[in-house]
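The structure under discussion appears below in the form of structure tokens.
Protein chains: 4
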Amino acid sequence: MKTIDSSFLASHNYSLARHAHHDYEHLGEQLARRDIDIETVRQQVAAFGVAIPSWGVGTGGTRFARFPGQGEPRHVFDKLQDCGVIQQLARATPTVSLHIPWDKCSDWGELRQAAASAGLAFDAMNSNTFSDQPGQAHSYKYGSLSHTDAATRAQAVAHNLECIDIGQALGSKALTVWVGDGSNFPGQQHFRRAFDRYLESAQQIYAALPGDWRMMLEHKICEPAFYATVIQDWGSSFLAAQTLGPKAQCLVDLGHHAPNVNIELIVARLIAAGKLAGFHFNDSKYGDDDLDAGSVSPYRLFLVFNELVAAAHEGVPFDPAYMLDQSHNVTDPIESLMTSAVQVQRSYAQALLVDRAALDAAQEANDALTATHLLKQAFQTDVTPLLQRVRLDAGGAIDPVAAYRASGYRQRVAGERPAAVGGGGGIV
Amino acid sequence: MKTIDSSFLASHNYSLARHAHHDYEHLGEQLARRDIDIETVRQQVAAFGVAIPSWGVGTGGTRFARFPGQGEPRHVFDKLQDCGVIQQLARATPTVSLHIPWDKCSDWGELRQAAASAGLAFDAMNSNTFSDQPGQAHSYKYGSLSHTDAATRAQAVAHNLECIDIGQALGSKALTVWVGDGSNFPGQQHFRRAFDRYLESAQQIYAALPGDWRMMLEHKICEPAFYATVIQDWGSSFLAAQTLGPKAQCLVDLGHHAPNVNIELIVARLIAAGKLAGFHFNDSKYGDDDLDAGSVSPYRLFLVFNELVAAAHEGVPFDPAYMLDQSHNVTDPIESLMTSAVQVQRSYAQALLVDRAALDAAQEANDALTATHLLKQAFQTDVTPLLQRVRLDAGGAIDPVAAYRASGYRQRVAGERPAAVGGGGGIV
Amino acid sequence: MKTIDSSFLASHNYSLARHAHHDYEHLGEQLARRDIDIETVRQQVAAFGVAIPSWGVGTGGTRFARFPGQGEPRHVFDKLQDCGVIQQLARATPTVSLHIPWDKCSDWGELRQAAASAGLAFDAMNSNTFSDQPGQAHSYKYGSLSHTDAATRAQAVAHNLECIDIGQALGSKALTVWVGDGSNFPGQQHFRRAFDRYLESAQQIYAALPGDWRMMLEHKICEPAFYATVIQDWGSSFLAAQTLGPKAQCLVDLGHHAPNVNIELIVARLIAAGKLAGFHFNDSKYGDDDLDAGSVSPYRLFLVFNELVAAAHEGVPFDPAYMLDQSHNVTDPIESLMTSAVQVQRSYAQALLVDRAALDAAQEANDALTATHLLKQAFQTDVTPLLQRVRLDAGGAIDPVAAYRASGYRQRVAGERPAAVGGGGGIV
Amino acid sequence: MKTIDSSFLASHNYSLARHAHHDYEHLGEQLARRDIDIETVRQQVAAFGVAIPSWGVGTGGTRFARFPGQGEPRHVFDKLQDCGVIQQLARATPTVSLHIPWDKCSDWGELRQAAASAGLAFDAMNSNTFSDQPGQAHSYKYGSLSHTDAATRAQAVAHNLECIDIGQALGSKALTVWVGDGSNFPGQQHFRRAFDRYLESAQQIYAALPGDWRMMLEHKICEPAFYATVIQDWGSSFLAAQTLGPKAQCLVDLGHHAPNVNIELIVARLIAAGKLAGFHFNDSKYGDDDLDAGSVSPYRLFLVFNELVAAAHEGVPFDPAYMLDQSHNVTDPIESLMTSAVQVQRSYAQALLVDRAALDAAQEANDALTATHLLKQAFQTDVTPLLQRVRLDAGGAIDPVAAYRASGYRQRVAGERPAAVGGGGGIV
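Chains as they are written, first to last, in this note's numbering: chain A, 168 to 595; chain B, 168 to 595; chain C, 168 to 595; chain D, 168 to 595.
Written out as structure tokens, the structure reads:
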């Protein structure tokens, strides 16, 4: 299923290689002056990957409208094909995260094989109890895992168990649970009872987790519920994860917080508590905008990675899962996902450049100016040549978007994939 | 098209009348002690009306899902029927505001007659250039009135002119223009050029306004655009309205502001500048939540009316348009709209109770405690008996929701209106 | 130390009693129709009290300026005198909460006696490690309990132990710990290490708590630190309280949250987790504005009490501490504190009027409109006559502010207390 | 008044020059590939300057505490000396902005001479009607330019006129007017009347402006008033500036907006309306935090400069004033101001690197991904070598903070300047 011709790619890279090489050498020299070995950083960055959400390759939408793009994927195999192109060119997204029932298919073995042939594996499974499916016995209009009605809760639990089953067939090792449960009016929901019902349902899911799986709980301050949500913040997420047990952890979506909240601080707290599951990367200016990662606040993304790299540096045991979770309303999803993967990778690479010993010393001495300068120094370093080299080494494109556009891939699939109204996209 | 049986209504009211009468008398006595004549207030409240948006009688939705209700209206005639019931019972909503193309029909004369027979007239027309319609020549994916492409702008202008034409056929006197134009990425849009193009398009619409019409510009901080919008706040709305001319004014939707913004202060500024067009009433906790008016922050709604009543009291010339604009995701829309109309009416009635002379004196003396107490005194007054009486006098229901539920209206129309997936609702 | 003449007060009440009595009767009749016994509610409200912060009787200030009022208290005995007047007239504030070192005096026994003679007892003690005192060995410029320097931490711990000692001498049963610790720059502070140091210091304080004491941890999103704080939200507060042990609980100040955060939901979570310590009541529109309780968002205050009354109704074991914590910049602090105490009492009384059985049923049935209406019905009830009666029964004033103004108390103390620049006020 | 020894500085630079030179060459080569001539950019950056606020060289504070630093300036001459050091080393701050009465002195001619000898000129004058001065006839507790009392307003106007007089003596060409006027309670202030009184007072100040002066109106959403302010946002600022006349313009402080507000969009609107006065640069995470410019959101600062450079590129006539306005609570103010000046300069330099022609084309084509990439490409460019070179050329330090620390300046002045409690600092 490799879909960009390799000789085309080689020729594309050839034209850019000379300058890329030269810039890499200069960067290496600059880093050496700071006692950083660029090769070491390169290896760390090369080992880094972020998952693509299968729904991300479709055009997103808002409650007002969805404006489809050309050649949108029709089903999970088309989505895998698009993910394959992303991975082929950007070489930072070795896994795909599925959403059930959107990605249901008749033969999971066939799907697993298709993924493997595209060089992809499967990341966390995502269940969906925030919308009703045709033929569904009980509606989630008033909630799912926390619904007042036991039969509706049981249906939601069963759906999650099915997701685990599918995930096992695909080699996944985690279930991400995000619910839209909440209320739109003061008084609509009994806060404590709703939380208790959520816990009771979640315990049933937890009990069905395979031994090597994780359950990742995703909190969100609002939307689709606009007065209160059941898992509204990391505090409630932590309470739930703690109640459930060691395999339950808290997932941080960068757009799910109240305004002004310090996200990197939450990351630090969850690391310390041993409860950081991982991330849904995106960016936001107003709410859960699901903009491209780092497109509005690149320094914030860097500061999140600064916490992660610091914890790893200090030997804190943790293993966060990384996934993009964006809504591509005005761009080609493949271009956005490649760009975002590179942006995430960039933040990671920059965080690796922080002089940890000097930072520790400045922090101990309360030398705030030096401490913050050390972060800025790393952030201001243009690691583009490093990222280009990592892609090149792995067989990818020096400039993924340019290569993609030149390849004509989108036009090609547009011919094969008739325009679909609606589709699986638009919801993130 | 009167749809609740009048003898049923009479009997419903009969059972509640005695206590209502008694409470009204006590309220009158309390107000008399404050030198307020309850009859005068009653007449003012009786003259107050707020428009129903035609799309409000359908079940709303979010980008994640829409959970339809029973017996949802299929077309504008069904919507008018529902609006008729609302007006019949709550007697505070004498007009309906249409949305084109959602409310298109083949015979506007027939529609006008249907409205008249339901005791309804038509408020402002609403154009839609934030979603694409089947067969549309140019897409609004990248904007409408501010689009970079002249043909797309022309199409959007033409649509607004059509809305004016329809409005003239229906007796409307205003056009509300809200656009989803904006951008999702820094750099995507040239801010100044986009605003200029908006103005140029708006000027063409303005030029086509009949002499006794108003053009109401609606601003919004975000959504569907999540990095920047073209008319993002009252400042930009005012700039545009001032450029267009005296018939252009600024409409305030209570959910379209940045967090923490003082909305009643904006109302005061627009009154002073002669540019207050009117309101889209709803409530919000997080963003443009479109919750029921006053359901989360009833005091804020009161404070808005306090500005309006103060300006009227002082003889400031202005004539704001009032409309509900809510998304009913978890309630019966008819119940929500009646309740919200009464809540808006309540806020108006309470604002009429403020002792203006005493407030002026306290403000002059910088006696903040007394000033704020005077507002609180009015707000804490339970004007329920007054509102009941106003409804009763006008032939409505003492308890509109109870009467509605007892009437079986919803069940009746559910039989007549087959469940539709999607429909015109869900977007506000 | 009783400071308003009792015959004056009696005469003041006499003039208002007739209408108050009449209104109370009508309210009783209305409530009886809802199956609520007004006498039962009256007893519950009469038993309710909220503490006054000693610093609240001084005029507050901002970082820009402090504008002193007349007759400001010079020391803790003056403050007690003012608190005595508040309690004498409003009868809702039986306790005072001290702040050390601001309220230090040479004879705690004398102070305890002075309080008793004013009908006051002592609520929680408040330590201060967010500002430096003359002669202090180590500065809190870079933190206190979480400082990188062990000697500074030890000093901060010792100060808290001193507060416990003083509290024991005064009959207090709780220590409130709020620290200004945090950072102003990314990188300034090592998030996890700072939190660990905080915990280590807090454990030493916890270890010194008398058996019947509580330690109340107060979180705050920002200010005085403006990039990150050590106990930034209820999640971190909960983590800390859980680590410390059962006597540590989380205190909720209504102004210490990110914008849009649902505070009543946090209250519900803390109740469920057995970790709700109590409240610092105030109101806010923008940040930690420390405005008078319920002055901007009275419905929010009611919704908080709705959670408390619901939990009590259901027999959840908890015992929240109530304190006002406001900055009185433009009003007479005595007037503001009386008004706020009554506002808090009002919210409690209204929450007692909620029909819990009907609410439970509506919640179970997902009848959001009825559920929220039941809350609104209680909130819209004007309980003024009930509160007047509770005060009258207890020997207070029907209209506390009017009585206070008529009494000439402020003018009297202004003669005795020379104007002080600065003073202990202004910080909350 | 030159205060760092020039041979010391030369030697400091000598040790860094080789690498700086090499990096500059490589940057030049990279830019040349993008068709950018580094020399042209260097000249533009060299011509750029940002004013230092005189109060910024003192340690700031919050309402909770102020923690003084060593060697704080005692008076305006000390402040000028510190500003001279900043300009000597960083070469980006050729002007100083004074605050009256904090900077009052007995001989303005002497001050002007002292400034000239330090290579400094005077930027905008800042009046202060938000705090009371000893001996002042009327208090600003309840407002200044908008006060209900005419005598208080007259006093505030007279103070502004005095600031103009002083400014004329010093060669200033602008008056910045920020007032703390507003209210803490709903109802406290009559919104429209307060705004009218503000306008009337401002008109008197405007009338006294010399022909070549500007009046810069500064808006702020809150603080010190916490319910409403008189000039709360750019809309009110614009209304006022428009009423006053062409010499009145709107000043944008980056920390004075509601959460989530798009500041660069406001900048674009003010440019288009011909009303952009200039900036108070700082950064914020929560409110008016007055953190160091670009320390939290460097990309936001860049996006503001992107608007400025775009407007200049397009020949829009405007002339914004640039000033830092920060509160240095935990750093040496001299270090923070040098770092911030360089950060502002960096943002300007990066904005100069944007490929305007390509951006225009991408915007026209709605190619959002390319458009945003062009901004990111400029932002990711590490212009450090360019900034170093600009400083070196102008006689400054390659690494200003390192040079400053090595110079021992702070220790030296600490010996000369006894520690002052309070002082003129702390308020921004």
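Even glycine gets a Cβ: it sits at the ideal position worked out from N, Cα and C.
Using a threshold of 8 Å, state whether the C-beta atoms of residue i and residue j are closer than that.
i        : j        : result
C/Ala395 : C/Gly349 : yes
C/Thr551 : B/Gln517 : no
D/Asp299 : C/Phe362 : no
A/Leu470 : A/Gly461 : no
D/Met490 : D/Ser264 : yes
D/Arg436 : B/Ser403 : yes
Please confirm whether residue i has its beta-carbon closer than 8 Å to some beta-carbon of chain A.
i        : result
B/Cys330 : no
D/Arg577 : no
D/Gly590 : Low confidence applies here, because D/Gly590 scores a pLDDT of 38, under 50, leaving its location unreliable; read the following figure in that light. Cβ-Cβ to chain A under 8 Å: no for D/Gly590.
B/Leu458 : yes
B/Ile267 : no
B/Val497 : yes
Take the Cβ of residue i as the centre, count every other Cβ of all protein chains shown within 10 Å, and call the residue buried at 16 or more, exposed below.
i        : result
D/Gly592 : For D/Gly592, the predicted model reports a pLDDT of 40, less than 50, meaning its position is unreliable and no value from the coordinates is stated.
D/Ser273 : exposed
B/Gln578 : exposed
B/Gly412 : exposed
D/Asp270 : buried
B/Gly589 : Because the pLDDT at B/Gly589 is just 46, under 50, the model does not fix this residue reliably, and the value given afterwards should be weighed accordingly. Exposed: under 16 other Cβ atoms inside 10 Å.
C/Pro353 : buried
Using a C-beta cutoff of 8 Å, does residue i count as contacting chain C?
i        : result
A/Pro413 : no
A/Gln530 : yes
A/His357 : yes
Give the residues of chain D in contact with residue i, contact being defined as C-beta atoms less than 8 Å apart.
i        : result
B/Gln399 : Asn429 and Leu432
Looking at C-alpha atoms only, which residue of the options is the closest neighbour of residue i?
i        : options                                   : result
C/Val208 : C/Arg556, C/Ala581 and C/Val580           : C/Arg556
D/Phe289 : D/Asp204, D/Ala341 and D/Ala199           : D/Ala341
B/Asp456 : A/Asp457, A/Ala392 and A/Leu418           : A/Ala392
D/Phe358 : D/Gly310, D/Gln237, D/Cys330 and D/Ala488 : D/Gly310
A/Ala561 : A/Gln322, A/Gln248 and A/Gln210           : A/Gln210
Can you list the residues of chain A that residue i reaches, using a CB-CB cut of under 8 Å?
i        : result
B/Pro353 : Ser462 and Val463
Using a C-beta to C-beta distance shorter than 9 Å, which residues of chain B count as neighbours of residue i?
i        : result
A/Ala232 : Phe297, Ser298, Asp299, Tyr307, Lys308, Gly347, Pro391 and Ile594
List, in order along the chain, the chain D residues whose C-beta lies closer than 7 Å to that of residue i?
i        : result
A/His186 : Arg200
Any C-beta of chain E sitting closer than 8 Å to the C-beta of residue i?
i        : result
A/Gly223 : Going by chain labels, chain E is absent from the structure shown, which instead holds the protein chains A, B, C and D.
Name the chain B residues whose beta carbon is nearer than 8 Å to that of residue i?
i        : result
C/Glu502 : Leu536
For chain D, find out if any of its Cβ atoms is closer than 8 Å to the Cβ of residue i; answer yes or no.
i        : result
C/Leu312 : no
C/Thr260 : no
Is residue i close to chain B? Criterion is C-beta to C-beta, closer than 8 Å.
i        : result
D/Ile372 : no
Check the Cβ of residue i against every Cβ in chain C and list those closer than 7 Å, keeping chain order.
i        : result
D/Pro426 : Pro426
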